[in-house]
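Asker: Let me begin by handing over the structure; questions about it come next.
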Amino acid sequence: MSDLPSIRWGIVATGMISTWFVEDILLEWEGKRVNHVVQAIGSSSTQKAQDFVKNNCPAQTPKVYGSYQELYQDPDVDIVYIGTPHAFHYRDCMEAINAGKNVLCEKSFTINAKQAREIFDAARRNNVYVAEAMWVRHRPLYQELYRLLHQEKIIGDVFRVFSDFANGVDPASLPASSRHRDLTLGAGSLLDVGVYALTWGRMALGYQKELPQIVAKQTHEEGVEITTSAILQYSSGRQGICTCTSKALGAPGEVFVVVHVWKKQEGAADRAFFPREACEGKKYDFPQIGRGFVWEAENTALDILEGRKESRVMPWEETLYIMDIMDEIRAQGGTCYPGE
Ligand SMILES: NC(=O)c1ccc[n+]([C@@H]2O[C@H](COP(=O)([O-])OP(=O)(O)OC[C@H]3O[C@@H](n4cnc5c(N)ncnc54)[C@H](OP(=O)(O)O)[C@@H]3O)[C@@H](O)[C@H]2O)c1
């Protein structure tokens, strides 16, 4: 038996992300600090929950429930992981929190900032933990990049950032019931992947305190937002150009930091040129463990075990900051969800 402290997860929904998350938390790896137990699976059907166990965690013996509510009532679940489509995050978080459960909920945390504020108020009232599962922020690569850019200042003051995320799902090619196509499930590229473009952009600009001024455009296909471009302008003049689309794939790989060094040309004060010799670049390697959700799971488990109510990595104010920006982008872009 492991000497590590244990955390018992209740997994809500048996879709793609729940599969990835469960596979990762069960990995053995050097540096692991918590023993993750899959305590229960909640699904819209008992059969789906049983299949999920068979396919993804056969060595575990979780309870299987044909509803989410039963899982929230299970006293042996320490934290609920919510992997439903965006439009259900509000309902599922509220029900879990009101049942007294700690919650880690997938991104985007909610459809709008109002829902997120209500969830945080409910968590405060019930004295439980809740965090948005913004997994990239937990990754060593992301944290090291922040350190290099803003503590070591390897490229000086970051004045302008381009950040793009494209998932290439092409909603029109999917069934009408897909979460990428169905507005009642929260379909749209901004909530799905634009949240990442904004997250990377926010970090690369050094977590500016003020909310930026925003100029945004969105494209829709069959009523679903498929492409977003937003310029975020800060009072210092810094700009983030954040874009996303579900129509095409982005560049391969995960993160590129491209730095252009411009030198003044001698005798031509108004000209600059790009010295190719200055462009050698430096490659940083980071550990690849599973699909990369292990750090999020570890940090969340440690938060719970140490009695925190908010994530150290993804505090409530960070979720709200990004949600407020997405609300404004959608207001300018003309994207509205049922019930708004
Ligand atoms: N962090 C990441 O890298 C990452 C990657 C992909 C997705 N996500 C996020 O995870 C969430 C789910 O995405 P996904 O790709 O896993 O979705 P998915 O494969 O469609 O699975 C969603 C699950 O939600 C449950 N559900 C409940 N009501 C539903 C309804 N009316 N229609 C469809 N499903 C319903 C279903 O599980 P049951 O029938 O078992 O209840 C379904 O399997 C989204 O918020 C997404 O942004 C995050």
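Under full-length UniProt numbering, think of the first position of the sequence shown as 1, with each following residue one higher.
We treat Cβ as the ideally placed atom computed from N, Cα and C, and that holds for glycine.
(1) Quick test of the definition: if touching needs 3 or more C-beta pairs under 8 Å, does the segment 307 to 323 touch the segment 49 to 61?
(2) Within 6 Å: the Cβ of residue 106 and any heavy atom of ligand 1?
(3) Between the Cα of residue 328 and those of 246, 135 and 212, spot the shortest distance and give me the residue it belongs to.
(4) Tell me which residue opens and which closes the alpha helix (DSSP H) that residue 295 is part of.
(5) For residue 287, which of 85, 147, 77 and 140 has the nearest alpha-carbon?
(6) Measuring CB to CB, does residue 174 end up less than 7 Å from residue 228?
(7) Have a look at residue 261 and residue 39 and give me their C-alpha separation to the nearest angstrom.
(8) Residue 114 by DSSP, collapsed to three states: which one?
(9) Is the segment 156 to 163 touching the segment 73 to 84 in the sense that three or more CB pairs, one from each, lie closer than 8 Å?
(10) What is the DSSP secondary structure of residue 236, counted as helix, strand or coil?
(11) Please determine whether the Cβ atom of residue 84 lies at a distance below 6 Å from any heavy atom of ligand 1.
(12) Count the other C-beta atoms from every protein chain shown that fall within 10 angstroms of the C-beta of residue 131, then say buried if there are 16 or more, exposed otherwise.
(13) At a cut-off of 6 Å, is residue 48 close to ligand 1 when judged by its beta-carbon and the heavy atoms of the ligand?
(14) Could you work out which residue in 126, 244 and 331 is closest to residue 165 when comparing CA atoms only?
(15) Could you have a look at residue 149 and say whether DSSP puts it in helix, strand or coil?
(16) When the Cα of residue 138 is compared with those of 289, 339 and 325, which residue comes out closest?
(17) Quick one: give me the first and last residue of the alpha helix (DSSP H) that residue 131 is part of.
(18) Buried or exposed: where does residue 202 fall if 16 or more other Cβ atoms within 10 Å of its Cβ makes it buried?
(19) Have a look at residue 129 and residue 6 and give me their C-alpha separation to the nearest angstrom.
(20) So is residue 263 buried or exposed if we call it buried at 16+ other beta carbons inside 10 Å?
(21) Going by the C-beta, is residue 13 closer than 6 Å to any heavy atom of ligand 1?
(22) Would residue 62 and residue 41 qualify as a contact pair, given that the criterion is a beta-carbon distance under 7 Å?
(23) What number of angstroms, rounded off, separates the C-alpha of residue 64 from the C-alpha of residue 322?
(24) Look at the alpha carbon of residue 29 and the alpha carbon of residue 12, and state the distance between them as a whole number of angstroms.
(25) Hey, would you say the C-beta of residue 326 is under 6 Å away from at least one heavy atom of ligand 2?
(26) Residue 43: beta carbon under 6 Å from a heavy atom of ligand 1?
(27) Is it right to say residue 235 is buried, meaning 16 or more other beta carbons lie within 10 angstroms of its own, or is it exposed?
Answerer: A quick look at the data gives this:
(1) no
(2) In the sequence shown, the residue the question calls residue 106 occupies position 106. Checking every heavy atom of ligand 1 against the Cβ of residue 106, one is found closer than 6 Å.
(3) Sequence index remark: in the sequence shown, residue 328 carries index 328 (1-based). Measuring from the Cα of residue 328, the nearest candidate turns out to be 212.
(4) Here residue 295 refers to the residue found at position 295 of the sequence shown. Start and end: 294 to 305.
(5) In the sequence shown, counting from the first residue as 1, residue 287 sits at position 287. Ranking 85, 147, 77 and 140 by Cα distance to residue 287 puts 140 first.
(6) As a working mapping, residue 174 is identified with position 174 in the sequence shown. As a working mapping, residue 228 is identified with position 228 in the sequence shown. Taking 7 Å as the Cβ cut-off, residue 174 and residue 228 do not qualify as a contacting pair.
(7) Within the sequence shown, numbered from 1, the residue matching residue 261 stands at position 261. Within the sequence shown, numbered from 1, the residue matching residue 39 stands at position 39. Bear in mind that the predicted position of residue 261 carries a pLDDT of just 46, short of 50, making it too unreliable to give a figure here.
(8) The count along the sequence shown starts at 1 and reaches residue 114 at position 114. Here residue 114 sits in helix by DSSP.
(9) no
(10) Against the sequence shown, residue 236 aligns to sequence position 236. Coil, per DSSP.
(11) Residue 84 sits at position 84 when you count from the first residue of the sequence shown. Yes, the beta carbon of residue 84 sits closer than 6 Å to at least one heavy atom of ligand 1.
(12) Sequence index remark: in the sequence shown, residue 131 carries index 131 (1-based). Buried, by the Cβ-count rule.
(13) The residue given as residue 48 occupies position 48 in the sequence shown. Result yes, Cβ under 6 Å from ligand 1.
(14) Within the sequence shown, residue 165 is the residue found at index 165, counting from 1. The residue with the shortest Cα to Cα distance from residue 165 is 244.
(15) Counting from 1 along the sequence shown, the entry for residue 149 is found at position 149. Correct three-state label for residue 149: helix.
(16) As a first step, residue 138 is located in the sequence shown; it is residue number 138 there, counting from the start. For the residues 289, 339 and 325, the minimum Cα distance to residue 138 belongs to 289.
(17) By 1-based counting over the sequence shown, the position of residue 131 is 131. Not the alpha helix (DSSP H): residue 131 falls in the beta strand (DSSP E), residues 130 to 133.
(18) In the sequence shown, the residue the question calls residue 202 occupies position 202. Per the 10 Å Cβ criterion, buried.
(19) Within the sequence shown, the letter at position 129 stands for residue 129. Within the sequence shown, the letter at position 6 stands for residue 6. Separation of residue 129 and residue 6 (C-alpha to C-alpha, rounded to the nearest whole angstrom) is 17 Å.
(20) The residue labelled residue 263 in the question sits at position 263 within the sequence shown. Bear in mind that a pLDDT of 45 at residue 263, under 50, signals an unreliable position, so the number given afterwards is only what the model happens to contain. Its Cβ having fewer than 16 others within 10 Å, residue 263 is exposed.
(21) As a first step, residue 13 is located in the sequence shown; it is residue number 13 there, counting from the start. Answer for residue 13: yes, Cβ within range of ligand 1.
(22) Within the sequence shown, numbered from 1, the residue matching residue 62 stands at position 62. Within the sequence shown, numbered from 1, the residue matching residue 41 stands at position 41. Going by C-beta atoms, residue 62 is nearer than 7 Å to residue 41.
(23) Position 64 of the sequence shown holds residue 64. Position 322 of the sequence shown holds residue 322. Approximately 35 Å between the Cα atoms of the pair.
(24) Stepping through the sequence shown from its first residue, residue 29 is reached at position 29. Stepping through the sequence shown from its first residue, residue 12 is reached at position 12. Each residue's Cα considered, the two are about 25 Å apart.
(25) Questions concerning ligand 2 fall outside what the structure shown contains, since the ligands it does hold are ligand 1.
(26) Here residue 43 refers to the residue found at position 43 of the sequence shown. Flag set: Cβ of residue 43 near ligand 1.
(27) Position 235 of the sequence shown, counted from the start, is the residue given in the question as residue 235. Exposed: under 16 other Cβ atoms inside 10 Å.
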